[in-house]
Structures are given as structure tokens and as C-alpha cells.
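Contents: one structure, followed by commentary.
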Amino acid sequence: MANKPPTCYCGADRDLSKVEVQCCLCLRYCHHDCISLTTGPMLPFMTNYHFLCKDCSPNKPEEQFVKKTATFNQLCTTVLANLTQQSSSQTFFSRDREILPFIDEKWDLLTFSQKKNKPTLHASVYKAL
65 MANKPPTCYC GADRDLSKVE VQCCLCLRYC HHDCISLTTG PMLPFMTNYH
115 FLCKDCSPNK PEEQFVKKTA TFNQLCTTVL ANLTQQSSSQ TFFSRDREIL
165 PFIDEKWDLL TFSQKKNKPT LHASVYKAL
């Protein structure tokens, strides 16, 4: 059995339906509600951030969190993970009926960069997928 990363500060298991952040050093997952920092709005499965838990932060016991601009690969991974979590029986998703509408609806949660115009956005998503 592989070494399992430490659990959240609270000791509870992961909850894939809620936002969690992962420490980039010890790989601990922390429930969003259990960290002391304000991260701004997020979605489950986001990876465009740098988080250090209170045990790994050089400013112990203060955590560190920096949100980064999402690449289109990260954005698409987050979208697919959320769509998969929301409908556990479905394994394939339509770009036009599900993926692009999810991105349009959740853009402000997925990234803090300005939204591209539709043709450019769609082309970037097509390329990333």
C-alpha cells in the first residue's frame, strides 16, 4: 500500500463534492472550510493555485495560498472532473452541449483572467481537449 498523504486538519476524509486544496509539499488535502485563509470563490478539483498547509508553510502556523492563472489544460481538467462528479454514470461529455456551457457559466470561478471572445475561447478549449 502506497503512503497516503496526511488527512485534513479536522481528520475527516476527503469530500469530492466540495472544494479542497492540496499542499504542494506534503500533498495533504484540506477542506476549504478548514483552512484559515480567504481564497475567494473556487470550484472542486481546481489546480491553478499554490497552497502550503500550516505544517509546511515557512510562516508557521500561517498557511499560504496564491491563485494562479489557469492554463486551458487545467481549466478543461477542472471542468471534466466536475462534470464527472456531478453525473457519476456518464463518462463522456459533449464539447458543445456540456463542456463549453459549463465554462461559460462558471468562468469567474474557474479563473480570474478576462474571458476571451467566444471563437477564441472555443478554439482554445478544442485544442486543450
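Counting in my numbering, the sequence shown runs from 65 upward without gaps.
Every residue, glycine too, gets a C-beta built ideally from N, C-alpha and C.
Fair warning: this is a prediction, and the values are worked out from it, not measured in the lab.
**DSSP state of GLU162 mapped onto helix, strand, coil** = The answer is helix: DSSP assigns GLU162 an H, G or I state.
**Message:** Going residue by residue through the segment 79-143, where are the continuous alpha helix (DSSP H) segments of at least 4 residues, counting only ones entirely within it?
**Reply:** If we require 4 residues or more, the segment 79-143 turns out to have no alpha helix (DSSP H) run fully inside it.
**Asked** Once you ignore the five residues that flank LYS82 on each side, which residues in its own chain have a CB closer than 8 Å to its CB?
**Response** Excluding five sequence positions before and after LYS82, the CB atoms of its chain that fall closer than 8 Å to its own CB belong to HIS95, HIS96, ASP97 and PRO108, given in chain order.
**Asked** Would you call the segment 153-161 and the segment 127-142 in contact, with 3 or more CB pairs under 8 Å?
**Response** When Cβ pairs closer than 8 Å are counted between the two stretches, the segment 153-161 is seen not to touch the segment 127-142, the count staying below three.
**Message:** Just to check my reading of the structure: ILE163 and LEU174 have Cβ atoms closer than 8 Å, yes? What is that Cβ distance to the nearest angstrom?
**Reply:** So it is not a contact: roughly 12 Å between Cβ atoms.
**Asked** What separation, rounded to the nearest whole angstrom, lies between the Cα atoms of PHE176 and THR133?
**Response** Each residue's Cα considered, the two are about 7 Å apart.
**Request:** Out of ALA145, MET106, ALA192 and ASN123, point me to the one whose CA is closest to LYS131's CA.
**Result:** Checking every option, the nearest Cα to that of LYS131 belongs to MET106.
**Asked** If you draw a straight line from the alpha carbon of LEU80 to that of ALA145, how long is it in whole angstroms?
**Response** For LEU80 and ALA145, the distance between alpha carbons rounds to 10 Å.
**Request:** Tell me, to the nearest whole angstrom, how far the beta carbon of CYS120 is from that of LEU89; I am working on the premise that it is less than 8 Å.
**Result:** Contact flag correct, Cβ pair sits at about 4 Å.
**GLU169 versus GLY75 - alpha carbon distance** = Straight-line spacing of the CA atoms in GLU169 and GLY75 works out to 33 Å.
**Asked** What does a CB cutoff of less than 7 Å around MET65 pick up in its chain, not counting 5 residues either side in sequence?
**Response** Legend: pLDDT at MET65 = 48, less than 50; position of this residue unreliable, value from coordinates given subsequently. Excluding residues within five positions, none has a Cβ falling inside 7 Å.
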